[in-house]
Every structure is written in structure tokens, then in C-alpha cells.
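Going by the UniProt record's numbering, the residue at position 287 of the sequence shown is 287; the numbering climbs one at a time, nothing skipped.
Backbone N, C-alpha and C define an ideal beta-carbon position, used for all residues, glycine too.
In this text, all values refer to a predicted model and were calculated from it rather than measured experimentally.
Reading through the C-alpha cells given below for one structure.
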Amino acid sequence: MNIAISKEIDRCKQLGLRGVLATIISVEGSTYQKAGTKCFLAEDGKLTGLLSGGCVENDIIEHGKQIIDSGETKCLQYDLRDNGDEVWGLGVGCNGSMEIFLEPYHSSGHDPNSKVIEKMYAVTTPHVVSTIVDAKDSTLIGEKWIVSLKNFKEEKVSSLFSKKNLQGEEGKKLGLVSDENMKLFIEEVAPPPALIIFGAGPDAVPLVQAVKQIGWHVTVIDHRPGFVTKENFPLADQLICSPPGTMANVVLNENTFTVIMSHHFSQDQMVLKHLLKTNVPYIGLLGPKRRAVQLLESILTMKSVQQLRMDRIHSPIGLNIGAKTPEEIAFSIVSELIAVYRHASAAHLKDTEKGLRLKGERDLLYQM
1 MNIAISKEID
11 RCKQLGLRGV
21 LATIISVEGS
31 TYQKAGTKCF
41 LAEDGKLTGL
51 LSGGCVENDI
61 IEHGKQIIDS
71 GETKCLQYDL
81 RDNGDEVWGL
91 GVGCNGSMEI
101 FLEPYHSSGH
111 DPNSKVIEKM
121 YAVTTPHVVS
131 TIVDAKDSTL
141 IGEKWIVSLK
151 NFKEEKVSSL
161 FSKKNLQGEE
171 GKKLGLVSDE
181 NMKLFIEEVA
191 PPPALIIFGA
201 GPDAVPLVQA
211 VKQIGWHVTV
221 IDHRPGFVTK
231 ENFPLADQLI
241 CSPPGTMANV
251 VLNENTFTVI
261 MSHHFSQDQM
271 VLKHLLKTNV
281 PYIGLLGPKR
291 RAVQLLESIL
301 TMKSVQQLRM
311 DRIHSPIGLN
321 IGAKTPEEIA
331 FSIVSELIAV
341 YRHASAAHLK
351 DTEKGLRLKG
361 ERDLLYQM
């Protein structure tokens, strides 16, 4: 979920503004963004989100203005593989093409499709949104509906889903699905990840600031009333002051990431013991490896490494970027959080198969 777009839709709803939601529904070759990426154009001209490196946004704005006036949908095709145009425009040599679906948003509350748009940016559990992007009956284009991911997996949505078996990432039926009558774009939407920080010391302040920049929900928990305050953490979504080791009012699930940094050994151990019993995907421990080993010694006498899924524990926390200052360490931690959330390897992009490798001047000819 794009938090910036969610906030922008809320703004339009409060001000009574119309808008246009643009979604990449298919890509070929190398493109700046993948299918499912969105941007939102408000009636007052504000554009939120990027679909490219800047090569299609101006055109999207022009088409968006027309859609705001007409209330109709539109599907646009962009081929960015023409290297002949060297001006910063539509021919920027991205070496790919993409199809973008534009649909109107009305904040009046009367349009059912706009209500689905609002709901997809307010979900608290994973859902699947389906949009008709083409159909023999043109009156159906733009119609959309939303169902829970659970129902979608159980194929309780429509006969079209059960007939087709197009597999997307992780075996889910996502992307473009079509039959002889219509074409659907199917996408999963989920709430933003949540980060719970156990410890409200000064080093937690830059971490909260950095995590909020990527739009995650942040909770800070500490037993000291003078530390866990809105004055210290103005950007935090939730502040909890509770006795050491208690987990009241805390949601711990597969969308919850955790960092333990109270600097209090027995308290950290209680928190760690509790977190290992949950299905949280990430447990970050601040401090050296030796301290982590000491924290785990008594826990490992009770259960095996396999039972506890110890691979979730990250200690020392963060990526090795040479961070020294609290702010740099915070960005190191955030980088690791993103890598785990996106199931990505944290490597230099230049060292991947997409990287540029030059040993001599003539090597450039072989990178195309």
C-alpha cells in the first residue's frame, strides 16, 4: 500500500476534490516500476506517486485532467524502447513498455467504484482488488470489487477466477486475467507493515523518524513514562507505557516487525522470549553478537533452534554500510527491514545481474 496516496485520497475526501488513480497493469522489458504501481492526480493538480523516472507523468497529468472532466476511464500504452529521442520526454531509453489504466475518483461517496478505491487504502488485513480494464460491454469498464485474500484463495469470488489459473508471485492469481468477454486486473492490497520498538531511549528517536519516511506504522513501548512521550516521538503512531515484558494492546502477526533496544538485559530477554512464540517475521536485537548469545542461552535450553525459527533474529541489527552515527544506524536498520519485507538480498545493485560491469572502455559495447 502506498501511504502517500492513501493520505492524498483522504485529503481529497475531506476537501471534496475529484481525482484520477493511474495503475500500471502490464509491463514488458525494463521499466522503472512494476505492474500494480500507482499514482494519483488530484483535481487541484497535485500528483502523488511515480510510474516512471519522469517520462510519462506529464502525459498522465494531461490525460488525467480530461478524465476528471469526463468521468470516463482510459487505458494508455507507452513504449519507451525508442532510443531516437534523447530529450527528457517519452523516449528516454528505459528499454521497456507499459500499459496504464486511468480511472476517476469521486469523493462524494455516491460512486461505488470510488468507495472501493477508498476501502483498498484502508484495509487492515490483506485483500484482493479486481478491476475490469476492458470489456465487450463498455459500460462495465472501470467496475471494481474487493474481497478478502482468504476468500480469494478459496475461489469464492467469481467463475472467471476459477476458470483461469494464471499464477502470479507466490502462487497467487494476480495480474491480468481475461476471457472472451472481459479483461481484469487483479492485485493484492495489504496494510503497511508495522514496526514495534521495545525501548524508548534516545537512539530510538532517529529510527522512528526513518521508518515513518517509508510509511510504516510505528509503535514504541517502554516502561518509563518520562521516555515514551509524544514530545520525544512526535511521529510515532502509537506510544505504550507498560510494565517490563507485558504485551498489552500489541498486535503481533506476520506483518509485524520488531526491534528490541531497551538496553536492559532482563527486560530484553523477556521480550525476546515472548516474540519467539509468535509468527513475527523479524526480530532485531541491538548490540553485539555476544549479548545476543547471552539473551538466548536460557531460551535455547527449552526449545530447539528449528522450533523457534531462529532465522528471524537479526543480530547485530542492520546492514553493514559502515554506519556510525545514530541517524546512520537508523538507516542501516531500515534498509534491513525493507530487504526482509521485500524478500530481497541486500547487495549492491551493480553486483547483481542487472549491474554495469566495465573493465575497459570497449566493455560498454557489451552492456547493451
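DSSP state of Ile329, grouped into three classes?
helix
When you compare only the Cα positions, how much space is there between Ile67 and Ala42?
Approximately 11 Å between the Cα atoms of the pair.
Consult DSSP for Glu188 and reduce its assignment to one of helix, strand or coil.
DSSP, read as helix, strand or coil, puts Glu188 in strand.
Taking the alpha-carbon of Ser266 as reference, which of Asn113, Ile317, Thr256, Leu296 has the nearest alpha-carbon?
Leu296
Where does the unbroken alpha helix (DSSP H) through His63 begin, and where does it stop?
57–70
Report the partner residues of Lys183 according to the DSSP bridge assignment.
Asp134, Ser178
Where does the unbroken alpha helix (DSSP H) through Asp237 begin, and where does it stop?
No alpha helix (DSSP H) holds Asp237; DSSP gives it neither H nor E.
Report yes if the CB atom of Val128 is closer than 9 Å to the CB atom of Phe101, and no otherwise.
no
Below 8 Å CB to CB, which residues in the same chain sit around Leu184 once its five sequence neighbours on both sides are set aside?
Here the set comprises Ser130, Thr131, Ile132, Val133, Leu160, Leu176, Val177, Ser178.
Give me whichever residues DSSP pairs with Ile283 in a beta bridge.
According to DSSP, which records beta bridges pairwise, Ile283 is partnered with Thr258, Ile313.
Leaving out the 5 sequence neighbours to the left and right, which residues in its chain are closer than 6 Å to Gly64 when beta-carbon positions are compared?
Taking C-beta separations shorter than 6 Å and ignoring five residues to either side along the sequence, the partners of Gly64 in its chain run Val20, Leu41, following chain order.
How do the stretch 206–214 and the stretch 321–337 stand: do at least 3 beta-carbon pairs fall below 8 Å, yes or no?
yes
When DSSP builds the beta bridges, which residues end up paired with Glu99?
According to DSSP, which records beta bridges pairwise, Glu99 is partnered with Ser26, Gln77.
By how many angstroms is the C-alpha of Tyr121 removed from the C-alpha of Met1?
7 Å
Quick check on DSSP: helix, strand or coil for residue 380?
Any question about residue 380 goes unanswered here, given that the chain covers just 1 to 368.
Are the Cβ atoms of His274 and Met247 separated by less than 9 Å?
yes
Would you be able to state if there are at least three C-beta pairs under 8 Å between the stretch 186–200 and the stretch 249–263?
Taking 8 Å as the limit for Cβ pairs, the verdict is that the stretch 186–200 does touch the stretch 249–263.
My output table needs one value for Phe40: the three-state DSSP class, helix, strand or coil.
strand
If you draw a straight line from the C-alpha of Asn249 to the C-alpha of Phe233, how long is it?
18 Å
Could you give the DSSP three-state label for Ile9: helix, strand or coil?
helix
In the DSSP assignment, find the beta strand (DSSP E) that holds Val147 and state where it starts and stops.
Its beta strand (DSSP E) spans residues 144–148.
Given 8 Å as the limit, is there contact between the stretch 5–16 and the stretch 98–118, that is, 3 or more CB pairs closer than that?
yes
What does the Cβ neighbour count give for Lys144, buried or exposed, with the cut at 16 atoms within 10 Å?
buried
Hey, Cys39 and Gly29 are a contact pair by Cβ (cut 8 Å); roughly how many whole angstroms apart?
Actually they do not touch by this definition, with Cβ atoms about 20 Å apart.
Could you check how far apart the C-beta atoms of Leu280 and Arg312 are, in whole angstroms? I think they sit under 8 Å.
Note that residue 280 is Val in the sequence shown here, rather than Leu. Yes, Val280 and Arg312 are in contact; Cβ-Cβ is about 7 Å, under 8 Å.
Classify Gly84: buried if its beta carbon has 16 or more other beta carbons within 10 angstroms, exposed otherwise.
At Gly84 the pLDDT is 49, less than 50, meaning the model places this residue with poor confidence and gives no usable figure here.
Please tell me whether, using a cut-off of 8 Å, the distance from the CB of Ile214 to the nearest non-hydrogen atom of the ligand SAM is below it.
For the ligand SAM, the structure offers nothing, since it holds no ligand at all.
Name the DSSP beta bridge partners of Phe198, please?
Ile221, Ile260
Using 9 Å as the threshold, is the C-beta distance between Val218 and Val211 below it?
yes
By alpha-carbon positions, which one of Gln33, Leu140, Ala236 ends up nearest to Asn181?
Leu140
By alpha-carbon positions, which one of Gly54, Asp44, Leu51, Glu57 ends up nearest to Asp69?
Asp44
List the endpoints of the continuous alpha helix (DSSP H) containing Gln209.
204–213
Provide the residue(s) that pair with Pro104 in DSSP beta bridges, ordered along the chain.
Beta bridge pairing from DSSP links Pro104 with Val20.
Work out the CA separation of Thr256 and Ile3 for me, nearest whole Å.
17 Å
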